[in-house]
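**Student:** Taking this note's numbering, the leading residue of the sequence shown gets 942, the next gets one more, and so forth.
Virtual Cβ for every residue (Gly too), placed ideally from N, Cα, C.
Below you'll find the structure I mean.
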Amino acid sequence: MKRSIPHNVKKRWGMPSFSLSRKIIGSFVIVAMLVLLTSGLSYYFLNKVNNGYVTLINKNIAILQLTSEIQYLAQLQASLLSEYYVDPSSGKEQAIVEANTKLSGLIEEVMLKDQSKENKIFYDSMVSTNMTLQTLVEDIVANGNKDLEKAKLLLQRSVPMTQSLSKLITKIQSKEKFVVDIKKTENEETIRQTIQTLIWASIIALVVALAIGILLSRMIVRPMRAVVKAAGRIAACDLTVDDIQVRNRDEISELAIAFNQMKGNLHLIISEVNGHADQVVFASKGLSSHSESLGESSEQITTITQDISLGSESQLQSVNKGVMVIEEMNRLVEQISTLTVLTNMKSTHALAAATNGNESIESAVTQMNAIDLNMKGLAESVQRLDVRSTQIVQANEMISDIARQTNLLALNASIEAARAGESGKGFAVVAHEVRKLSQKTSDSAADIARLILSIQNETTAVVHSTEAGSKEAGKGIIVMNEAGRAFKRIQEAVKEVAQQIETISIQSEQIAQRSLTAVDAIRSIDLVAQQTASGTRDVSANVEEQFASMEEIISSSHVLNHLAGQLQSLIGRFRV
């Protein structure tokens, strides 16, 4: 049976749908982008600080170191020149040359390190001064101790050169120290800004991540709490819970839609089962009423058949008496034929016997008429019983159909409960009980059907027996009427015996022949009466068996009514 899905639980297509996996992945992507942004900022600022320190170390500090070495070599060269002036020697001469060579190399190296335009003037002056010093050193070395005045003059000329070189180096060092201080300050500021920026970026990333986590948890937890709450109420057999409203367009929304649909289907199933249970109760009550009525009818039929049996026994006794009377009459007729002398006296006795026989025949006819009426009444009662049995069969078929529908609905409810998982266990137990009750109802209906079929078969046999008995009773009535007419003719003949004594022999022979016919007829009536009595005993036994079957039907109808009440009690646990 197709069930309609409530409008408020139908899935709304055409709306943007985002699954939970997409939302979670999107949230992690956003958090990862924030972390990546923070890491990028950290890398940028750290790289900037690192570049500043690398520049500071590779250039400015290196320049300071080189200028310090230049200053040291210039002073060493001046000292060597002074010593050489006092005590010229080849060793000191070589040391002066090496110091001057190193000084020239350091000046070239520092010029390569520092390409700034501001220091180019100082470097040019240093190169010019160093070249002058180099010339003076060469002149001093070439002069040796040959001309002391010249050596002194050359030495005096080298002193201001050395001082000038030292001043240039001092200026360069001062400027480089100033630049180093500025760059150190800039790097410290950059580090401070980097720390501040990273702190703010981390705070923002943390806040955004927390906001995303809270928002995502609310998007998941709130609908799930609503579903859990509704499932708890349904597990408590309360189907009046409102539909779950979820704004999300994800698996939770689909879960809510499926849950609402399950609740609607469950509500529809319970309502239908409740309606069918009411129908089963109503039908079981009607079945009980019809069964009790049939039981009363069966009891009445039992009483009637017992009365018919008693009447048949009485009829059999009357027929036996008739046989005895006819045989006595035959004996008297034979005596009349042999003893014509006593014909008059015997005719009087024959008249009395004929009168008694006529009365017996009339009594037998009356009994046969009563038997015929009783047999007709029995046939009508059995026909009514057959009609009632047909009605019971129809009611039983309706009960079986209701039981099958109840079993099918219980099976559908078990399937829906299985789909609901843990939340549908309580209803699965109820659905199982409903299926057990419907199965018991089907079994009881099958038992009732078998009993009704047995009753119908036995009722058909009773109908045939009563019809046969009625026909035989009709034949007996005809024979008895014929015997009555014969007795009347005998009576008339006996009356004529007194007037026509001369024809007594002929009439006696005729009477003898007719008496023999009457004896045969009476014996036939006796046989029919015996058969009728046996048939009535069989009918009585069948009716008693039918009455016992009706008691079983009444008991089964009471059981069905009790099971239907239990089914209503189980369904009543649900609030719809």
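1. Hey, how far is the Cα of I946 from the Cα of N1206?
2. If you run the structure through DSSP and keep just helix, strand and coil, what is D1122?
3. From G1173 to S1364, what distance separates their C-alpha atoms?
4. Could you tell me how far apart the beta carbons of L1501 and T1400 are, in whole angstroms, since I believe they sit closer than 8 Å?
5. May I ask which residues mark the beginning and end of the alpha helix (DSSP H) holding L1180?
6. Sort E1485, Q1186, A1369 by Cα distance to A1164 and report the nearest one.
7. Find out if the Cβ-Cβ distance for the pair M1316, S1385 is shorter than 8 Å.
8. Output the distance between the C-alpha atoms of A1146 and V976, rounded to the nearest integer angstrom.
9. Starting from the Cα of G1506, find the closest Cα among H1217, E1437, A1351, E1486 and give me that residue.
10. Provide the residue span of the alpha helix (DSSP H) that contains G1046, from first to last.
11. Give the single residue among I1494, I1153, D1028, L978 whose Cα lies nearest to the Cα of L1139.
12. Does the structure place the segment 1096-1106 close enough to the segment 1063-1074 that three or more beta carbon pairs sit under 8 Å?
13. Please classify D1055 as buried or exposed, where buried requires at least 16 other C-beta atoms within 10 Å of its C-beta.
14. Look up R1188 in the DSSP assignment and say whether it is helix, strand or coil.
15. Taking DSSP as the reference, what is the three-state secondary structure of L1508?
16. Alpha carbon to alpha carbon, what distance is there between G1417 and S1465?
17. Give me the Cβ distance between I1144 and I1193, rounded to the nearest whole Å; I'm assuming they're in contact under 8 Å.
18. Return the first residue and the last residue of the alpha helix (DSSP H) that N1001 is part of.
19. Taking R1098 as the reference, give the member of T1076, L1109, K1118, S1115 with the closest Cα.
20. Does DSSP put S1057 in a helix, a strand or coil?
21. Quick one: is S1497 buried, meaning 16 or more other Cβ sit within 10 Å of its Cβ, or exposed?
22. Grouping DSSP H, G and I as helix and E and B as strand, with all else coil, what is D1028?
23. Tell me which residues share the same chain as A1351 and place their Cβ nearer than 7 Å to its Cβ, disregarding the 5 neighbours each side in the sequence.
24. Hey, A1224 and I1393 are a contact pair by Cβ (cut 8 Å); roughly how many whole angstroms apart?
25. What is the DSSP secondary structure of K1108, counted as helix, strand or coil?
26. Is V1182 near I1175, with beta carbons less than 8 Å apart?
27. Quick check on M974: buried or exposed, where buried means 16 or more other Cβ atoms within 10 Å of its Cβ?
28. Count the other CB atoms within 10 Å of the CB of K1204; is the residue buried (16 or more) or exposed (fewer)?
29. Within the same chain, show all residues whose beta-carbon is closer than 7 Å to that of A1320, passing over the 5 residues directly before and after it, in chain order.
30. When the Cα atoms are used, what is the spatial distance from A1036 to S1009?
31. Going straight from the alpha carbon of M1265 to that of V1328, what length do you get?
32. Answer with buried or exposed for T1244, where buried requires no fewer than 16 other C-beta atoms within 10 angstroms of its C-beta.
33. Give the DSSP-derived three-state secondary structure of K1087 in the structure shown.
34. In whole angstroms, what is the alpha-carbon distance linking K1058 and M1052?
35. Determine the contact status of N1337 and I1210, defining contact as a CB-CB distance below 8 Å.
**Tutor:** Here's the rundown:
1. The residue you call residue 946 lines up with position 5 of the sequence shown. The residue you call residue 1206 lines up with position 265 of the sequence shown. Low confidence applies to I946: its pLDDT is 42, below 50, so where it sits in the model is not reliable, and the reading given next is rough at best. Rounded to the nearest angstrom, the two C-alpha atoms are 8 Å apart.
2. Working through the sequence shown from its first residue, we reach residue 1122 at position 181. Three-state result, D1122: helix.
3. For this step, residue 1173 is matched to residue 232 along the sequence shown. For this step, residue 1364 is matched to residue 423 along the sequence shown. C-alpha separation (whole angstroms): 7 Å.
4. Looking up residue 1501 in the sequence shown gives position 560. Looking up residue 1400 in the sequence shown gives position 459. Not a contact, Cβ separation roughly 23 Å.
5. By 1-based counting over the sequence shown, the position of residue 1180 is 239. From DSSP, L1180 is part of no alpha helix (DSSP H); its letter is neither H nor E.
6. Position 223 of the sequence shown, counting from 1, holds the residue named residue 1164. Strictly speaking, residue 1164 in this sequence is Pro, with Ala absent from that position. Closest by alpha carbon: Q1186.
7. Taking the first residue of the sequence shown as position 1, residue 1316 is located at position 375. Taking the first residue of the sequence shown as position 1, residue 1385 is located at position 444. In this structure, S1385 does not lie closer than 8 Å to M1316 by Cβ.
8. Residue numbering aside, residue 1146 sits at position 205 when the sequence shown is read from its first letter. Residue numbering aside, residue 976 sits at position 35 when the sequence shown is read from its first letter. One C-alpha to the other measures close to 7 Å.
9. Locating residue 1506 in the sequence shown gives position 565, counting from the first residue. For the residues H1217, E1437, A1351, E1486, the minimum Cα distance to G1506 belongs to H1217.
10. As a first step, residue 1046 is located in the sequence shown; it is residue number 105 there, counting from the start. That run of the alpha helix (DSSP H) goes 1031-1054.
11. In the sequence shown, counting from the first residue as 1, residue 1139 sits at position 198. When only C-alpha atoms are compared, the closest one is L978.
12. yes
13. Numbered from 1 along the sequence shown, position 114 holds the residue referred to as residue 1055. So D1055 counts as buried.
14. Within the sequence shown, the letter at position 247 stands for residue 1188. It is coil, neither helix nor strand.
15. Here the question's residue 1508 lines up with position 567 in the sequence shown. Note: L1508 maps to helix in three-state DSSP.
16. To locate residue 1465, count along the sequence shown from 1; it is residue 524. To locate residue 1417, count along the sequence shown from 1; it is residue 476. C-alpha separation (whole angstroms): 8 Å.
17. Start at 1 with the first residue of the sequence shown, and residue 1144 comes out as number 203. Start at 1 with the first residue of the sequence shown, and residue 1193 comes out as number 252. Rounded, the Cβ-Cβ distance is 31 Å, inconsistent with contact.
18. Looking up residue 1001 in the sequence shown gives position 60. Element bounds for N1001: n/a, residue is neither H nor E.
19. Taking the sequence shown and counting its residues from 1, the one referred to as residue 1098 is at position 157. Nearest option by C-alpha distance: T1076.
20. The count along the sequence shown starts at 1 and reaches residue 1057 at position 116. Looking at S1057 - three-state DSSP - the assignment turns out to be coil, as it is neither helix nor strand.
21. Indexing the sequence shown from 1 puts residue 1497 at position 556. With 16 or more Cβ atoms within 10 Å of its Cβ, S1497 is classed as buried.
22. What you label residue 1028 is simply residue 87 of the sequence shown in a count that begins at 1. Coil at D1028, not helix or strand.
23. For this step, residue 1351 is matched to residue 410 along the sequence shown. Closer than 7 Å at Cβ, skipping near neighbours: A1372, V1375, R1376, S1379.
24. Sequence index remark: in the sequence shown, residue 1224 carries index 283 (1-based). Sequence index remark: in the sequence shown, residue 1393 carries index 452 (1-based). About 15 Å separates the two Cβ atoms, so there is no contact after all.
25. Sequence index remark: in the sequence shown, residue 1108 carries index 167 (1-based). Three-state DSSP puts K1108 in a helix.
26. Against the sequence shown, residue 1182 aligns to sequence position 241. Against the sequence shown, residue 1175 aligns to sequence position 234. Going by C-beta atoms, V1182 is nearer than 8 Å to I1175.
27. Here the question's residue 974 lines up with position 33 in the sequence shown. Classification for M974: exposed.
28. Counted from its first residue, the sequence shown places residue 1204 at position 263. When all chains shown are included, K1204 counts as buried.
29. For the purposes of this step, residue 1320 is taken as the residue at position 379 of the sequence shown. Excluding residues within five positions, the ones whose Cβ falls inside 7 Å are V1404, T1407, E1408, S1411.
30. Residue 1036 sits at position 95 when you count from the first residue of the sequence shown. Residue 1009 sits at position 68 when you count from the first residue of the sequence shown. Approximately 19 Å between the Cα atoms of the pair.
31. Residue 1265 sits at position 324 when you count from the first residue of the sequence shown. Residue 1328 sits at position 387 when you count from the first residue of the sequence shown. So the alpha carbons of these two residues sit roughly 45 Å apart.
32. Reading the sequence shown from its first residue, position 303 is the one you call residue 1244. With fewer than 16 Cβ atoms within 10 Å of its Cβ, T1244 is classed as exposed.
33. Within the sequence shown, the letter at position 146 stands for residue 1087. Residue state, collapsed to three classes: coil.
34. What you label residue 1058 is simply residue 117 of the sequence shown in a count that begins at 1. What you label residue 1052 is simply residue 111 of the sequence shown in a count that begins at 1. Spanning the two alpha carbons is a distance of roughly 11 Å.
35. Locating residue 1337 in the sequence shown gives position 396, counting from the first residue. Locating residue 1210 in the sequence shown gives position 269, counting from the first residue. No; because the gap between Cβ atoms is not below 8 Å, this pair is not in contact.
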